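The sequence shown begins at 65 in our numbering and counts up by one.
All residues carry an ideal CB built from backbone N, CA and C; glycine is no exception.
Here the structure is a predicted model, which means the values were calculated and not measured.
Contents: one structure, followed by commentary.
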Amino acid sequence: MSKIIKSDFLVIGSGIAGLSYALKVAEYGKVHVISKKDAGETNTSFAQGGIASVSKKNDSVEKHIQDTLIAGAGLCHKDAVEYGLSEAPERIKDLIGWGVKFTKDDKGVYDLAKEGGHSKHRILHAADLTGAEIQRALLSKAKANPNIEIFEHHLAIDLITEHHVLGNLQSAFNICFGAYILCTKENCVVPFQANYTILATGGASKVFLHSTNPDIATGDGVAMAYRAGVRIANMEFVQFHPTSLYNPGKRSFLISEALRGFGGRLVNGEGERFMPKYDKRAELAPRDIVARGIDAEMKKRNEDCVFLDMRHLNSDEVKSRFPNIAKWCQQSIDKDISKDLIPVVPAAHYFCGGIMTSLTGQTSMQNLFAIGEAAHTGLHGANRLASNSLMEALAFSHNAALKFIRKRPRNFGTVIIPEWDESGIVDEKEWVLTRHNQKEIQNIMWDYVGIVRSKKQLNRAKRRIQLIYQEVEDYYKKSKVSGELVELRNLSAIAFLIITSALRRNESRGLHYMTDFPNKSDKFLKDTII
Ligand code: FAD
Ligand code: SIN
């Protein structure tokens with residue numbers, strides 16, 4: 065019989081959202097942080113450009129709000145934007161207090177970068193390894209806290225709701241009691257019973273063939289919430305980063321937008337600069353515009369990639385500002401970023417949609433919260449401004465923690481949580497076929513649900529994904545659970561959610577571009593909710 069582990073706070077995810085929340089609530093109870101791989105394997109660790117927060121006199125929170133609203137193309141929730149961006153400067157102090165070291169200039173003043181869509185230099189960074197520095201500091205604080213226990217290689221399978229539990233629950237409806245967690249090293253499922261469950265599971269960009277994200281980004285939190293009947297919003301708004309390194313067959317690597325902020329230009333195979341043709345802000349237009357510009361240029365010229373050109377800039381300055389990117393390019397493709405053209409292509413990067421939450425992280429289910437990239441707070445609207453996501457994760461995790469501190473959610477008393485049903489078979493032959501579905505999902509999503517969409521392509525994708533979804537569900541029901549199977553199941557749910565949402569939006573807005581509806585329409589000036 066597997067033991068039940070009881071938590072006050074069950075935090076699923078060990079990135080910036082999960083860890084910063086854990087650090088804030090630890091003095092109020094036992095916090096269990098669940099991480100499906102090593103705790104440092106997160107999107108957070110890969111962040112390069114930095115974290116946006118107003119800190120200079122020539123800038124203002126109002127300007128940051130304006131830039132965010134413009135990028136969001138009418139779908140930002142103004143209260144979320146105002147809350148998040150006004151909160152940012154204080155929350156940066158939290159990071160510094162936890163030991164994060166941002167880069168300073170010779171005078172000891174924080175160096176601020178500029179990225180697409182920002183009207184001012186306001187991005188704090190730690191060279192080009194900002195996320196790794198944040199992850200390092202938060203993890204070391206969390207590990208040192210006696211009230212926080214981190215469970216690595218533990219993968220949440222599904223939420224435990226009133227449908228699973230036994231007990232006196234006549235008045236209980238739509239409540240989360242924790243989650244079933246698979247220990248992937250020992251291959252056993254442990255129920256974690258929690259007063260409060262917090263989904264901080266990050267993004268889902270691995271649903272696309274080309275992505276800047278590490279393998280953990282399979283949308284597990286969103287898929288679990290969806291299966292439990294929780295509201296999900298705006299899944300059609302997937303951000304494609306314009307410049308991931310073009311290195312076919314090799315691990316993906318981001319070429320930060322900060323290089324364009326530093327003066328880098330985009331050129332095609334002929335060496336012609338093309339972005340000014342598409343937008344007057346050229347390389348520093350918001351990402352949707354730059355990604356579509358690159359996509360159009362590649363299609364028009366039938367080329368596999370475009371190039372980032374830094375050759376006109378001071379070579380020493382480029383290398384000292386971007387040491388990690390310089391090293392990676394030298395080692396992986398034998399290019400010197402200050403002297404050679406760097407081949408780049410767009411790749412899936414970030415989900416603006418996710419589990420619908422209030423400003424305090426509350427989902428549509430009692431005692432279930434969502435924070436970070438897994439959540440939809442409404443801050444990003446139809447397109448996220450660069451470097452606003454680390455900031456959003458930090459600001460809303462803080463508010464979710466405050467909510468608990470000010471007014472504790474209802475506790476539903478004693479319930480009995482049944483053990484996980486371990487029965488099920490392992491049919492190796494069928495699994496070999498079923499696991500092929502992952503590549504198929506990624507290909508379908510890349511080919512039909514990518515940067516440029518149409519009704520016809522989306523319907524084609526829908527028919528194929530529905531078949532796969534059903535096949536995976538059927539296999540899941542009769543099989544012994546495994547990490548790979550859980551992720552495949554979640555990816556098929558994510559693909560379904562994106563396509564369903566995209567088909568409901570007959571317009572082009574922000575990151576959602578439809579060739580058959582190329583303009584915005586006021587009819588769609590609202591969230592897509594599933
Ligand atoms: P993550 O940091 O992704 O953490 C998710 C956690 O959830 C992981 O610990 C994972 O193991 C865990 N998890 C997931 N599913 C399960 C499960 N089923 N069971 C148990 N654990 C699970 N944003 C910026 O603002 N500025 C930047 O410069 C920037 N650069 C980026 C560069 C790259 C290459 C990438 C990929 C993203 C970048 N972003 C940037 C986006 C930003 O990094 C993410 O949005 C942010 O880090 C998300 O934080 P998070 O805490 O929500 O999730
Ligand atoms: C980058 O460094 O280009 C990524 C920034 C972001 O995604 O916010």
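Asked: Distance cut-off 7 Å: Tyr-310 Cβ against heavy atoms of the ligand SIN; Found: no
Asked: Endpoints, alpha helix (DSSP H) assigned at His-500; Found: 492-512
Asked: For Ile-98 and Ala-220, believed in contact at Cβ under 8 Å, the rounded distance; Found: 6 Å
Asked: Stretch pair the segment 87-107 + the segment 221-229: three plus CB contacts closer than 8 Å; Found: no
Asked: Which listed residue (Pro-410, Met-288, Ser-183 and Lys-541) has its alpha carbon closest to that of Met-429; Found: Met-288
Asked: Contacts around Asp-169, its chain only, beta-carbon distance under 7 Å, and the 5 residues preceding and following it disregarded; Found: Asp-175
Asked: Buried or exposed by the 16-neighbour rule on C-beta atoms within 10 Å, applied to Glu-197; Found: buried
Asked: C-beta contact flag for His-462 and Arg-200 at 8 Å; Found: no
Asked: Beta-carbon proximity check, Lys-178 vs Lys-127, cutoff 8 Å; Found: no
Asked: Nearest-angstrom Cα separation, counted from Ile-397 out to Glu-548; Found: 31 Å
Asked: Distance CB(Lys-526)-CB(Ile-563) smaller than 8 Å; Found: yes
Asked: Buried versus exposed, by CB contacts within 10 Å (16 or more), Pro-306; Found: buried
Asked: Contact shell at 5 Å, judged by CB to any heavy atom of the ligand SIN, ordered along the chain; Found: Gln-112, Gly-113, Ser-320, Glu-321, Ala-450 and Ser-451
Asked: Segment contact flag, the segment 541-561 with the segment 271-286, C-beta cutoff 8 Å, min 3 pairs; Found: yes
Asked: 3-residue-minimum beta strand (DSSP E) runs that sit fully inside the segment 214-277, ordered along the chain; Found: 218-225, 240-247 and 252-263
Asked: Check: Asn-277 C-beta below 7 Å from any heavy atom of the ligand FAD; Found: yes
Asked: Collapsed DSSP secondary structure at Gln-112 in the structure displayed; Found: coil
Asked: heavy atom of the ligand FAD below 7 Å from Tyr-414 C-beta; Found: yes
Asked: Arg-315 burial status per 10 Å Cβ neighbour count (16 or more: buried); Found: exposed
Asked: Classification of Ala-208 by the beta-carbon crowding that lies within 10 angstroms, buried from 16 upward; Found: exposed
Asked: Option nearest Ser-630 by Cα separation, candidates Ile-508, Phe-581 and Glu-456; Found: Outside the shown range of the chain, which is 65 to 594, sits residue 630, and nothing can be said about it.
Asked: At least 3 beta-carbon pairs within less than 8 Å: the segment 254-264 vs the segment 73-87; Found: yes
Asked: Three-pair Cβ contact test at 8 Å for the segment 476-489 versus the segment 536-555; Found: yes
Asked: Heavy atom of the ligand FAD within 7 Å of Lys-391 beta-carbon; Found: no
Asked: For Val-516, the nearest candidate out of Gly-79, Ser-204, Met-339 and Ile-353 (CA to CA); Found: Ile-353
Asked: Host beta strand (DSSP E) of Gly-418 (start-end); Found: 418-420
Asked: Alpha carbon of Lys-67 to alpha carbon of Ile-239, nearest angstrom; Found: 22 Å
Asked: DSSP three-state assignment for Thr-592, whether helix, strand or coil; Found: coil
Asked: Beta-carbon contacts of Ile-358 that lie in its chain and below 6 Å, excluding the five residues immediately before and after; Found: Pro-306, Val-370 and Pro-410
Asked: Assigned secondary structure, Ser-556 (DSSP; H/G/I helix, E/B strand, else coil); Found: helix
Asked: Unbroken beta strand (DSSP E) run spanning Lys-70, endpoints; Found: 69-76
Asked: Outcome for Thr-478 when other beta-carbon atoms lying within 10 angstroms are tallied against a minimum of 16; Found: exposed
Asked: Alpha-carbon to alpha-carbon, Ile-296 and Thr-441; Found: 11 Å
Asked: Top-ranked residue by Cα proximity to Ala-258, from Asp-192, Ile-480 and Ala-190; Found: Ile-480
Asked: Near the ligand FAD: Gly-82 beta-carbon under 7 Å from a heavy atom; Found: yes
Asked: Per-residue DSSP class, three states only, for Leu-549; Found: helix
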